[in-house]
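Chemist:
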Amino acid sequence: MQSSPSLISTLVKQARQTFANLLSTEEPKSNPNEQIESIKRLMNKITKYEVNFTLFDHIHTNERLSPVEERNLEKFLKSNAPVFYMKVYEDKIISVGIFIIKSHHRIPLHDHPHMFGLIKVLDGHGHLNAYNVLFEKNANELVCTQHVSSSISCQSETAVLYPNQSNIHEIYASDDDHCAFLDILSPPYSNENDCTCFLAIPSSTTTTTDVTDDREGNYVLKRIFDDEYYTESLQYTGPTISL
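Numbering of the sequence shown is given in the numbering used here, commencing with residue 1 and proceeding in unit increments.
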């Protein structure tokens with residue numbers, strides 16, 4: 001008797017089918033928001049146990065680790081990298097992975113050009129800031145509003161980032177805790193849609209003669225090169241993805 005697919009496999013399969021439809025040149029067969037909500041509801045059910053992400057549980061117990069888990073834990077503890085990534089699945093339509101942000105570190109403010117993103121915290125605590133673009137001020141600056149600023153944990157619902165809403169965002173680990181989250185992107189990053197990093201400055205602190213820049217709550221996002229941010233990889237130890 002064939003066993004039923006794992007929840008993470010079901011999620012990846014549904015996300016792939018949904019985004020294949022949304023990214024096609026043909027008109028979507030149903031409302032895009034409804035399709036995204038369908039993925040979100042399923043992703044809300046994912047916990048760290050569905051992907052065997054118990055890396056930090058073992059730090060506080062004497063439970064025996066597999067060789068792969070031992071290597072992952074040793075690398076995480078000894079490396080100076082601020083962020084780690086476990087690849088779960090990737091093709092031309094979606095990329096699925098787990099990001100782990102060390103305490104007191106962050107994934108810097110960046111965009112997902114023409115991309116959808118879904119974020120579900122698996123372990124630890126973090127904070128998500130996301131911005132909506134009002135207009136491009138010049139080649140290096142955007143005027144934006146802060147659309148989301150919220151604490152996130154494994155109790156939080158999946159956050160959705162759209163191509164035209166909450167697209168520019170940052171996530172940082174809260175104080176002394178790490179933040180690990182499951183991440184789905186569609187389409188994946190490529191040479192054609194690489195990300196840009198930004199620095200957010202409240203518009204009230206900038207010098208401007210344009211009153212549209214200076215509305216309360218607006219931010220000027222300056223394009224920057226963040227040479228301090230980098231990631232290192234860890235090996236995924238969860239269920240094999242079968243589509």
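We put the CB at the ideal spot given by N, CA and C, even for glycine.
Here's the rule I'm using: 16 or more other beta-carbon atoms within 10 Å means buried, otherwise exposed. How should aspartate 57 be labelled?
Modeler: Aspartate 57 should be labelled exposed.
Chemist: Hey, how far is the Cα of threonine 209 from the Cα of asparagine 138?
Modeler: In this predicted model, threonine 209 has a pLDDT of only 46, less than 50, meaning its place in the structure is not dependable; the value taken from the coordinates is given anyway. Rounded to the nearest angstrom, the two C-alpha atoms are 14 Å apart.
Chemist: Please list the segments of the beta strand (DSSP E) lying wholly inside the segment 118-167, counting only runs of 3 or more residues, in order along the chain.
Modeler: Those beta strand (DSSP E) runs which fall completely within the segment 118-167 and span 3+ residues are 141-153, 159-161.
Chemist: How about aspartate 123 and cysteine 154: do their beta carbons lie closer than 8 Å?
Modeler: Going by C-beta atoms, aspartate 123 is nearer than 8 Å to cysteine 154.
Chemist: Taking Cβ to Cβ, would you say phenylalanine 198 is nearer than 8 Å to phenylalanine 116?
Modeler: Not closer than 8 Å, so no.
Chemist: How many whole angstroms separate the CB atoms of glycine 238 and phenylalanine 53, which I take to be in contact at a CB cut-off of 8 Å?
Modeler: Glycine 238 to phenylalanine 53, Cβ: 7 Å. Contact.
Chemist: Assuming isoleucine 168 contacts arginine 106 under a Cβ cut-off of 8 Å, what Cβ separation, rounded to an integer in Å, is found between them?
Modeler: With a Cβ gap of about 14 Å, isoleucine 168 and arginine 106 do not count as contacting.
Chemist: Report, in whole angstroms, the separation of the C-beta atoms of valine 12 and leucine 243, which I expect to be a contact under 8 Å.
Modeler: Yes, they are in contact, since the Cβ atoms of valine 12 and leucine 243 sit about 7 Å apart, within 8 Å.
Chemist: Could you please give the first and the last residue of the uninterrupted beta strand (DSSP E) stretch that includes alanine 200?
Modeler: Its beta strand (DSSP E) spans residues 197-202.
Chemist: Measure from the alpha carbon of leucine 245 to the alpha carbon of each residue in Asp227, Ile241, Thr240, then state which is nearest.
Modeler: Absent from the structure is residue 245, since the part of the chain shown begins at 1 and ends at 243.
Chemist: Can you say whether aspartate 213 is buried or exposed, counting buried as having 16 or more other CB atoms within 10 angstroms of its CB?
Modeler: The predicted model places aspartate 213 with a pLDDT of 48, which falls under 50 and marks its position as unreliable; any figure quoted below should be read in that light. When all chains shown are included, aspartate 213 counts as buried.
Chemist: Quick one: what does DSSP say arginine 16 is sitting in, helix, strand or coil?
Modeler: Three-state DSSP puts arginine 16 in a helix.
Chemist: In terms of alpha-carbon separation, which member of Ile94, Tyr89, Ile100 lies closest to lysine 75?
Modeler: Comparing Cα-Cα distances from lysine 75 to each of Ile94, Tyr89, Ile100, the minimum goes to Ile100.
Chemist: Taking serine 156 and valine 121 to be in contact with their CB atoms under 8 Å, please state how far apart those CB atoms are, rounded to whole angstroms.
Modeler: That pair is a contact at about 6 Å.
Chemist: Please go through the same chain and pick out, in chain order, the residues whose beta-carbon is closer than 6 Å to the beta-carbon of glutamate 50, but skip the five residues on each side of it.
Modeler: Leu7, Ile8, listed in sequence order.
Chemist: With distance defined between alpha-carbon atoms, name the residue in His104, Ile152, Pro202 nearest to asparagine 80.
Modeler: Considering only alpha carbons, the answer is His104.
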